[in-house]
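K.L.:
Each protein sequence line maps, in turn, to chains A, B, C and D.
Going by the working numbering, the first residue of the first sequence is number 5, and it counts up by one from there.
Going by the working numbering, the first residue of the second sequence is number 5, and it counts up by one from there.
Going by the working numbering, the first residue of the third sequence is number 5, and it counts up by one from there.
Going by the working numbering, the first residue of the fourth sequence is number 5, and it counts up by one from there.
Using N, Cα and C, we set each Cβ at its ideal position, and we do this for glycine too.
Below: one structure in structure tokens.
Protein chains: 4
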Amino acid sequence: MARPLSDEKRSAILLAAAQVIAEHGTGGPISKIAKQAGVAEGTIFTYFDDKDALLNALYLALKADLAVAFRHGRPASKTLKARVQHAWERYIQWGATHPAQRRAMSQLSVSDRITDDTRQLGAKAFEEIGATLDEVVTTGNLKGQSPLFVAAIMESIAETTLSFIAREPDAADNYTRAGFDAFWNAVSKS
Amino acid sequence: MARPLSDEKRSAILLAAAQVIAEHGTGGPISKIAKQAGVAEGTIFTYFDDKDALLNALYLALKADLAVAFRHGRPASKTLKARVQHAWERYIQWGATHPAQRRAMSQLSVSDRITDDTRQLGAKAFEEIGATLDEVVTTGNLKGQSPLFVAAIMESIAETTLSFIAREPDAADNYTRAGFDAFWNAVSKS
Amino acid sequence: MARPLSDEKRSAILLAAAQVIAEHGTGGPISKIAKQAGVAEGTIFTYFDDKDALLNALYLALKADLAVAFRHGRPASKTLKARVQHAWERYIQWGATHPAQRRAMSQLSVSDRITDDTRQLGAKAFEEIGATLDEVVTTGNLKGQSPLFVAAIMESIAETTLSFIAREPDAADNYTRAGFDAFWNAVSKS
Amino acid sequence: MARPLSDEKRSAILLAAAQVIAEHGTGGPISKIAKQAGVAEGTIFTYFDDKDALLNALYLALKADLAVAFRHGRPASKTLKARVQHAWERYIQWGATHPAQRRAMSQLSVSDRITDDTRQLGAKAFEEIGATLDEVVTTGNLKGQSPLFVAAIMESIAETTLSFIAREPDAADNYTRAGFDAFWNAVSKS
DNA sequence: TATGAATGAGTATTCATTCAT
DNA sequence: GATGAATGAATACTCATTCAT
């Protein structure tokens, strides 16, 4: 093994891709990504077969990051609401502190270059949080709906919350709380 | 070009643009739009200065369409909830019957080619519905939040609802109702 | 029809392609072809779908040119040998006066980018001369062989003749005669 | 690199190069050659200075192989025709049993990456057979022509013969004989 | 010496925009 | 005004070659 593929370099490329895609959409040029990552254009293709592969890998990496944020320091016991709120705050915090990744994610989400397989794989990372939402579903106002629908609503309200935080960072706490209230009432009020 | 000859042609171009952008994103080629619209490529530039102008015009046209759908047959009197629910159903119906436009809209929403001016102009079309949401804000669970935030939450839950309807058209009624419940609980008094 | 596709321009591109391919093989860059033809790179793709299409079109154009040369001023009556010799001389003359085309042809002949369909189409242009070779086959030393084999031998000896003429232009007449003698003896009755 | 470690590796590279070039022309990638040869890409450059060097070396190796085939089991005495025919049959047999090498050879022959020096060096390998052809020249119908011309005609008819054998392997014997008849009459008939 | 990751110049092709008709 | 051919900058991707391991 002459020079092993560097995980560091791979990460740098993914980070750079997130930044470029956040700013220019999935049409953002590979050349910009390469420059941002500090590697040659060609190097990108030793780590990813083609641009679509990079895009899909980035989607998964972002989902994985987010899932880690979710799990981080989660209180095992406590009420259902407390646990959901904790997860919510983690989610919002991750998004607020990773604006490029968040914008990249919303670009990728609406892109037809992300395959269905990738989307399903990405969803797997959230199975754990899904279990928590299952509880919500069995008790709350959305009784009978699929947990996927509940999760999607959470994601969309969180997304909205984050876009307002991005515009008014000083009101972050306010929006974090208001967003959670909206979400919690949306799914749990009887 | 004070006023181009044919409004019909302008509309055809906008419709074609929505279809192409729905399928290929904002990177969809002008040539495809022209073919779809049944006009020559060059003609597009007699109606729109450049591609960005077309994109922004499309954004506004879609917002306007949506606003019309909102207003259509809106009951002047009745309870607040009934009025909001009516608007909600119009919104969902428009989205469900205009899938290309809806997808185009979500592409345009995350694109940096839509200027802030355009976004503000687009928001104006919703001032009327905004007035209704004002009422919700003053009385509901999100008291003290800006109506814009409430509107954005409505939009995001509607968007989520529509994406589930797109995947399971037979369950349209179910999702329409569940989506509205979620939204109404999210924003109304607890 | 805004500006009709120009046959002149198409020919200029084919001529330029022949020259570039003669010098650099089928790997010769489109950019060089464009410059040589005096058109923009992009223009080439309004006349040919892609490089392979250009290559195949060039193959056919060269075959057609050659076939025209064959037919030009062919004596209808006279002995079989006189007619074959006349064709031979035309062939050689065309090759000697079109060195780029000739070299391009030999590059294209061994390239796998020329499809079988194209090769068959190219062969059609030679059906007329084929009829003459049929006579040779029925009477000559290669009795029982397919006229295609005889034609191929003619082509290969002609090709060899031309490559020697290219290196020693002063001896053109000598090689033209010697080449024909070789060919005629090869295929005619002993 | 006076003499690299392994002659085996060098041969493997040349064989792989022949196969790749047969299929993809001289533009075939080094990476494919390396994989086919079972060595790393970089290794190729310890055996050959650059791609052109590899190409030229391959040209010479193929010529040498062919020359060996010629010489193999050649009857020292016997008539001129018998000796020429024997050589012819060796040539055809080599070509028929080494299709990749043969195709590679025709690609290399028309490539401008093979230098004149290399071509002359390659011709040297055939001096011996050249001596035999000298005899043909002094007695046959091509009296006064250079043996090089006669050799070239032999090569071209052999090439044609081989391409027909490649397409109709069952008729190999027929074409071998017919090709030789054509060649022998071409050069010896008075 | 052997390896294969890293490089960046080079390639075919696309596409918004211009302009001759 | 309408057309679509012409343009050339921009893009994803390839590949010979270098060099750290």
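#1: At least one CB of chain B closer than 8 Å to the CB of residue 88 (chain A): is that the case?
#2: Between residue 130 (chain A) and residue 100 (chain B), what straight-line distance do the alpha-carbon atoms span, to the nearest angstrom?
#3: On a CA-only basis, which of A:108, A:149, A:10 is nearest residue 24 (chain A)? Give me that one, please.
#4: Over the uninterrupted alpha helix (DSSP H) stretch that includes residue 126 (chain C), give me the two end residues.
#5: Check residue 149 (chain B) in the structure and name its three-state DSSP category.
#6: Using only CA atoms, which one of D:117, D:175, D:141, D:66 lies nearest to residue 29 (chain C)?
#7: Could you check what DSSP says for residue 174 (chain C) in three-state terms: helix, strand or coil?
#8: For residue 55 (chain D) and residue 14 (chain D), I'd like the C-alpha separation in whole angstroms.
#9: Report the CB separation of residue 187 (chain A) from residue 179 (chain A) in whole angstroms; it is logged as a contact under 8 Å.
#10: I need the DSSP call for residue 39 (chain A), collapsed to helix, strand or coil.
#11: Identify each residue in the region 147-172 of chain C for which the Cβ-Cβ distance to at least one residue of chain D is less than 7 Å, and report them in chain order.
#12: Pairing CB atoms from the region 147-163 of chain D with CB atoms from the region 142-150 of chain C, are three or more of them under 8 Å?
#13: Can residue 192 (chain B) and residue 144 (chain B) be called in contact, C-beta distance under 8 Å?
#14: Note down, in chain order, every chain D residue with its Cβ under 8 Å from the Cβ of residue 27 (chain C).
#15: Taking the CB atoms as reference points, tell me whether residue 94 (chain C) and residue 73 (chain C) lie closer together than 8 Å.
#16: Return helix, strand or coil for residue 102 (chain B), following the three-state DSSP convention.
#17: Provide the residue span of the alpha helix (DSSP H) that contains residue 134 (chain D), from first to last.
#18: Taking just the CA atoms, how far does residue 165 (chain A) sit from residue 158 (chain B)?
#19: Any idea what DSSP makes of residue 90 (chain A), helix, strand or coil?
#20: If you draw a straight line from the C-alpha of residue 18 (chain A) to the C-alpha of residue 163 (chain A), how long is it?
#21: Against chain C, does residue 182 (chain D) count as a neighbour if the rule is that its beta carbon must be under 8 Å from one of theirs?
#22: With 8 Å as the threshold, decide whether the Cβ of residue 3 (chain C) is near any Cβ in chain D.
#23: Should residue 22 (chain A) be flagged as near chain B, meaning a C-beta pair shorter than 8 Å?
#24: When the Cα of residue 132 (chain A) is compared with those of A:161, A:76, A:11, A:20, which residue comes out closest?
#25: Using a Cβ-Cβ cut-off of 8 Å, state whether residue 91 (chain D) counts as contacting chain C.
#26: Let's test the definition: count the other Cβ atoms within 10 Å of the Cβ of residue 126 (chain C) and tell me whether it reaches 16, buried, or not, exposed.
#27: Along the alpha helix (DSSP H) that carries residue 76 (chain D), what are the first and last residues, could you check?
#28: Compute the Euclidean distance between the alpha carbons of residue 5 (chain B) and residue 190 (chain B), then round it to the nearest angstrom.
#29: Does residue 140 (chain A) get closer than 8 Å to chain B when you measure Cβ to Cβ?
#30: Between which residues of its own chain and residue 37 (chain D) is the CB-CB distance below 6 Å, once the five residues before and five after are set aside?
#31: Just checking my contact of residue 122 (chain C) with residue 91 (chain C) at CB under 8 Å: how many whole Å lie between their CB atoms?
#32: Determine, using beta carbons only, whether residue 60 (chain B) comes closer than 8 Å to chain A.
#33: Measure from the alpha carbon of residue 105 (chain C) to the alpha carbon of each residue in C:43, C:174, C:65, C:53, then state which is nearest.
#34: Look at residue 48 (chain B) and residue 160 (chain A) and say whether their C-beta atoms are less than 8 Å apart.
#35: Compare the C-alpha of residue 139 (chain A) against each of A:43, A:183, A:87 and name the closest.
P.N.:
In brief:
#1: Within the first sequence, residue 88 (chain A) is the residue found at index 84, counting from 1. For residue 88 (chain A), the nearest beta carbon of chain B is not closer than 8 Å to its own beta carbon.
#2: Here the question's residue 130 (chain A) lines up with position 126 in the first sequence. Here the question's residue 100 (chain B) lines up with position 96 in the second sequence. Distance from the CA atom of residue 130 (chain A) to the CA atom of residue 100 (chain B), rounded to whole angstroms, is 28 Å.
#3: Position 20 of the first sequence, counting from 1, holds the residue named residue 24 (chain A). Of the listed residues, the one whose Cα sits closest to residue 24 (chain A) is A:108.
#4: Here residue 126 (chain C) refers to the residue found at position 122 of the third sequence. Residues 120-128.
#5: For the purposes of this step, residue 149 (chain B) is identified with residue 145 of the second sequence, where counting begins at 1. DSSP places residue 149 (chain B) outside both helix and strand once states are collapsed to three, so it counts as coil.
#6: Here the question's residue 29 (chain C) lines up with position 25 in the third sequence. Closest option to residue 29 (chain C), Cα to Cα, is D:117.
#7: The residue you call residue 174 (chain C) lines up with position 170 of the third sequence. Collapsing the DSSP output to three states places residue 174 (chain C) in a helix.
#8: For this step, residue 55 (chain D) is matched to residue 51 along the fourth sequence. For this step, residue 14 (chain D) is matched to residue 10 along the fourth sequence. Taking the straight line from one Cα to the other gives about 14 Å.
#9: Here residue 187 (chain A) refers to the residue found at position 183 of the first sequence. Here residue 179 (chain A) refers to the residue found at position 175 of the first sequence. Not a contact, Cβ separation roughly 12 Å.
#10: Position 35 of the first sequence holds residue 39 (chain A). Secondary structure at residue 39 (chain A): helix, using DSSP grouped into helix, strand and coil.
#11: Residues passing the 7 Å Cβ filter: 149, 153, 156, 157, 160, 161, 163, 164, 168.
#12: Verdict: no, contact absent.
#13: Here residue 192 (chain B) corresponds to residue number 188 of the second sequence, with the count starting at 1. Here residue 144 (chain B) corresponds to residue number 140 of the second sequence, with the count starting at 1. Cβ atoms of residue 192 (chain B) and residue 144 (chain B): closer than 8 Å.
#14: Translated into the one-based positions of the third sequence, residue 27 (chain C) becomes position 23. Going along chain D in sequence order, the residues near residue 27 (chain C) (Cβ under 8 Å) are 116.
#15: Your numbering for residue 94 (chain C) matches position 90 in the third sequence. Your numbering for residue 73 (chain C) matches position 69 in the third sequence. Result yes, Cβ atoms of residue 94 (chain C) and residue 73 (chain C) sit closer than 8 Å.
#16: One-based indexing of the second sequence puts residue 102 (chain B) at position 98. Note: residue 102 (chain B) maps to coil in three-state DSSP.
#17: Taking the fourth sequence and counting its residues from 1, the one referred to as residue 134 (chain D) is at position 130. In the DSSP annotation of this structure, the continuous segment of the alpha helix (DSSP H) that includes residue 134 (chain D) starts and ends at 131-143.
#18: Taking the first residue of the second sequence as position 1, residue 158 (chain B) is located at position 154. Taking the first residue of the first sequence as position 1, residue 165 (chain A) is located at position 161. A direct Cα-to-Cα measurement between residue 158 (chain B) and residue 165 (chain A) gives close to 12 Å.
#19: Numbered from its first residue, the first sequence carries residue 90 (chain A) at position 86. For residue 90 (chain A), the secondary structure class from DSSP, reduced to helix, strand or coil, is helix.
#20: Here residue 18 (chain A) is taken as the residue at index 14 of the first sequence, counted from 1. Here residue 163 (chain A) is taken as the residue at index 159 of the first sequence, counted from 1. Roughly 21 Å separates the two Cα atoms.
#21: Within the fourth sequence, residue 182 (chain D) is the residue found at index 178, counting from 1. By this cut-off, residue 182 (chain D) is an interface position.
#22: Residue 3 (chain C) lies beyond the residue range present for chain C, which begins at 5 and ends at 194; the question has no answer from this structure.
#23: Stepping through the first sequence from its first residue, residue 22 (chain A) is reached at position 18. Under the Cβ criterion of 8 Å, residue 22 (chain A) is not counted among the residues facing chain B.
#24: As a working mapping, residue 132 (chain A) is identified with position 128 in the first sequence. Considering only alpha carbons, the answer is A:76.
#25: Taking the fourth sequence and counting its residues from 1, the one referred to as residue 91 (chain D) is at position 87. Not an interface residue.
#26: Along the third sequence, one-based indexing puts residue 126 (chain C) at 122. Residue 126 (chain C) comes out buried.
#27: Stepping through the fourth sequence from its first residue, residue 76 (chain D) is reached at position 72. Per DSSP, residue 76 (chain D) belongs to no alpha helix (DSSP H) and is neither H nor E.
#28: Position 1 of the second sequence, counted from the start, is the residue given in the question as residue 5 (chain B). Position 186 of the second sequence, counted from the start, is the residue given in the question as residue 190 (chain B). Low confidence applies to residue 5 (chain B): its pLDDT is 46, below 50, so where it sits in the model is not reliable, and the reading given next is rough at best. About 47 Å.
#29: For the purposes of this step, residue 140 (chain A) is taken as the residue at position 136 of the first sequence. Closer than 8 Å: no.
#30: Here residue 37 (chain D) refers to the residue found at position 33 of the fourth sequence. Closer than 6 Å at Cβ, skipping near neighbours: 20, 21, 24.
#31: As a first step, residue 122 (chain C) must be located in the third sequence, where it is residue number 118. As a first step, residue 91 (chain C) must be located in the third sequence, where it is residue number 87. So it is not a contact: roughly 23 Å between Cβ atoms.
#32: Mapped onto the second sequence, residue 60 (chain B) falls at position 56. Interface residue (Cβ-Cβ distance to chain A less than 8 Å): residue 60 (chain B) is not classified as such.
#33: Position 101 of the third sequence holds residue 105 (chain C). Among C:43, C:174, C:65, C:53, the Cα nearest to that of residue 105 (chain C) is on C:65.
#34: Position 44 of the second sequence, counting from 1, holds the residue named residue 48 (chain B). Position 156 of the first sequence, counting from 1, holds the residue named residue 160 (chain A). Not a contact, by the Cβ cut-off of 8 Å.
#35: Sequence index remark: in the first sequence, residue 139 (chain A) carries index 135 (1-based). Considering only alpha carbons, the answer is A:87.
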